[in-house]
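Visitor:
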Amino acid sequence: MKFSQRLGITPVKDKIQIDSIDVDLLNSLWSVFLERFVKIMPNSSLGNFMNKLWFNFFKRPIDTLSIYSDGSISEDYVRKVLRSYFYDTKTQWYEIYDFLEFSAKFDPSNFIESINIILERENSAYRFVNSQLVQITSQLEIDEIEEAILKSDKFSSVKIHLNTALNFLSDRKKPDYRNSIKESISAVESICKIFTGNDKATLGEALKKLEQSYELHPALKKSFTSLYGYTSDDAGIRHALTENDRRIDFHEAKFILVTCSAFTNFLMSKM
Numbered sequence: 026m027k028f029s030q031r032l033g034i035t036p037v038k039d040k041i042q043i044d045s046i047d048v049d050l051l052n053s054l055w056s057v058f059l060e061r062f063v064k065i066m067p068n069s070s071l072g073n074f075m076n077k078l079w080f081n082f083f084k085r086p087i088d089t090l091s092i093y094s095d096g097s098i099s100e101d102y103v104r105k106v107l108r109s110y111f112y113d114t115k116t117q118w119y120e121i122y123d124f125l126e127f128s129a130k131f132d133p134s135n136f137i138e139s140i141n142i143i144l145e146r147e148n149s150a151y152r153f154v155n156s157q158l159v160q161i162t163s164q165l166e167i168d169e170i171e172e173a174i175l176k177s178d179k180f181s182s183v184k185i186h187l188n189t190a191l192n193f194l195s196d197r198k199k200p201d202y203r204n205s206i207k208e209s210i211s212a213v214e215s216i217c218k219i220f221t222g223n224d225k226a227t228l229g230e231a232l233k234k235l236e237q238s239y240e241l242h243p244a245l246k247k248s249f250t251s252l253y254g255y256t257s258d259d260a261g262i263r264h265a266l267t268e269n270d271r272r273i274d275f276h277e278a279k280f281i282l283v284t285c286s287a288f289t290n291f292l293m294s295k296m
């Protein structure tokens, strides 16, 4: 906190930016993109990035991109073109995030980490999670989801379900919270089948195996049992998820994704 803010001379920024990007955030995002992306990327790689950006993101005629015959491109030209897009008053806040998400696929060193630092500092509601921008602010929740996806590399079914749940949750234009929850639950079911070695195993059966092999703390057992109640057919969650009048919001879908990721991490740690 600044000296002037501690003295109450200037206001402390406390409003989370959900559907907007203020000047401070915009300037900071541009600076990070310039310093941690454009300036550190080899010229040939920068040319490849601009080529793909032009064709796949902007969808502009490729012959309007000034690129050299060897595939390289002028850094000054890139800075000028992309700065005009960033600061164009017609560019919407979500288009800035779309742009950053597209750029993150090229994975320059520390780019995502640097962007997340700015998003936190400027009170953005979004953070990068597994190369996607998600409306989530807790680092613990981010770590839980990313760890589950990373650890599940050798369990393709689990990884697919978690990634799909994250995709449904992070879609800024048309989020699908209902299907995000379904995929989160499916990830738990998949890891339970792997953990028990039974293709028909349920979460309840996985809990029985856990009890037989490990001494579970009562509170931990209770939380797992509650998750079992939520995911089981008898508890009605699947029926509720098929009813259009059952409103499911972002917070419920995020909670289930984080919870299912945490349980998946726990089971994988016991395998």
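Add 25 to the 1-based position in the sequence shown for the working numbering, that's all there is to it. Every residue, glycine too, gets a C-beta built ideally from N, C-alpha and C.
Verify whether the separation of the beta carbon atoms of S139 and V57 is less than 8 Å.
Guide: Translated into positions along the sequence shown, residue 139 becomes position 114. Translated into positions along the sequence shown, residue 57 becomes position 32. For S139 and V57, yes; Cβs fall inside 8 Å.
Visitor: From the DSSP secondary-structure annotation, give me the bridge partner or partners of S149.
Guide: Working through the sequence shown from its first residue, we reach residue 149 at position 124. Q42, per the DSSP bridge assignment.
Visitor: Kindly list the residues whose CB is nearer than 6 Å to the CB of K199, restricted to its own chain and excluding five residues on each side of it in sequence; keep chain order.
Guide: As a first step, residue 199 must be located in the sequence shown, where it is residue number 174. Here the set comprises nothing.
Visitor: When the distance is taken between beta carbons, is L194 closer than 8 Å to S205?
Guide: The residue labelled residue 205 in the question sits at position 180 within the sequence shown. The residue labelled residue 194 in the question sits at position 169 within the sequence shown. Yes; because the gap between Cβ atoms is below 8 Å, this pair is in contact.
Visitor: State the CB to CB distance for the pair F136 and R61, rounded to an integer number of angstroms; the pair is presumed to be in contact (CB under 8 Å).
Guide: Taking the sequence shown and counting its residues from 1, one reaches residue 136 at position 111. Taking the sequence shown and counting its residues from 1, one reaches residue 61 at position 36. The Cβ separation is near 5 Å, so the contact holds.
Visitor: Return the first residue and the last residue of the beta strand (DSSP E) that V159 is part of.
Guide: Numbered from 1 along the sequence shown, position 134 holds the residue referred to as residue 159. Segment Q157 to Q160, the beta strand (DSSP E) holding V159.
Visitor: Just to confirm, is the Cβ distance from I92 to N76 under 8 Å?
Guide: Position 67 of the sequence shown, counted from the first residue, corresponds to residue 92. Position 51 of the sequence shown, counted from the first residue, corresponds to residue 76. Cβ distance < 8 Å, so I92 and N76 count as in contact.
Visitor: Where does D259 sit, in a helix, a strand or coil, going by DSSP?
Guide: One-based indexing of the sequence shown puts residue 259 at position 234. Confidence at D259 is low in this model, with a pLDDT of 43, below 50, so the placement of that residue is unreliable and no value is reported for it.
Visitor: Using CA coordinates, which residue listed in Q160, R152 and I219 is at the minimum distance from D274?
Guide: Your numbering for residue 274 matches position 249 in the sequence shown. Ranking the options by Cα distance to D274, first place goes to Q160.
Visitor: Can you tell me whether V48 is buried or exposed, with buried defined as 16 or more other CB within 10 angstroms of its CB?
Guide: Position 23 of the sequence shown, counting from 1, holds the residue named residue 48. The residue is exposed, with fewer than 16 neighbouring Cβ atoms inside 10 Å.
Visitor: What span of residues does the alpha helix (DSSP H) with S97 cover, start to end?
Guide: By 1-based counting over the sequence shown, the position of residue 97 is 72. Run containing S97: none; DSSP gives neither H nor E here.
Visitor: What is the rounded straight-line gap between the Cα of D259 and the Cα of E147?
Guide: Residue 259 sits at position 234 when you count from the first residue of the sequence shown. Residue 147 sits at position 122 when you count from the first residue of the sequence shown. In this prediction, D259 has a pLDDT of 43, which is less than 50 and means its spatial position is unreliable; what the coordinates show is noted afterwards. For D259 and E147, the distance between alpha carbons rounds to 44 Å.
Visitor: In angstroms with no decimal places, state the Cα-to-Cα distance between K295 and A173.
Guide: Against the sequence shown, residue 295 aligns to sequence position 270. Against the sequence shown, residue 173 aligns to sequence position 148. Straight-line Cα distance between these residues: approximately 14 Å.
Visitor: Identify every residue that forms a DSSP beta bridge with V154.
Guide: Locating residue 154 in the sequence shown gives position 129, counting from the first residue. BP columns for V154 point to Q157.
Visitor: List the endpoints of the continuous alpha helix (DSSP H) containing Y112.
Guide: For the purposes of this step, residue 112 is taken as residue 87 along the sequence shown, with counting starting at 1. No alpha helix (DSSP H) contains Y112, which DSSP labels as neither H nor E.
Visitor: Among G96, V106, Q42 and S94, which one has its Cα closest to the Cα of L59?
Guide: The residue labelled residue 59 in the question sits at position 34 within the sequence shown. With distances taken between Cα atoms, L59 lies closest to V106.
Visitor: Measure the alpha-carbon distance for Y122 versus R272 and round it to whole angstroms.
Guide: Reading the sequence shown from its first residue, position 97 is the one you call residue 122. Reading the sequence shown from its first residue, position 247 is the one you call residue 272. Going from the Cα of Y122 to the Cα of R272 covers about 27 Å.
Visitor: On the criterion of 16 or more Cβ atoms from any shown chain inside 10 Å, does L175 qualify as buried, or is it exposed?
Guide: Residue 175 sits at position 150 when you count from the first residue of the sequence shown. So L175 counts as exposed.
Visitor: Excluding the five sequence neighbours on either side, which residues of its own chain have a C-beta within less than 8 Å of the C-beta of I43, listed in chain order?
Guide: Counting from one through the sequence shown, the residue named residue 43 turns up at place 18. The residues are A150 and Q160.
Visitor: For L187, which of helix, strand or coil comes out of DSSP?
Guide: For the purposes of this step, residue 187 is taken as residue 162 along the sequence shown, with counting starting at 1. Helix, per DSSP.
Visitor: Does the distance from the CB of T221 to the CB of A231 come in under 8 Å?
Guide: In the sequence shown, residue 221 corresponds to position 196, counting from 1. In the sequence shown, residue 231 corresponds to position 206, counting from 1. Closer than 8 Å, so yes.
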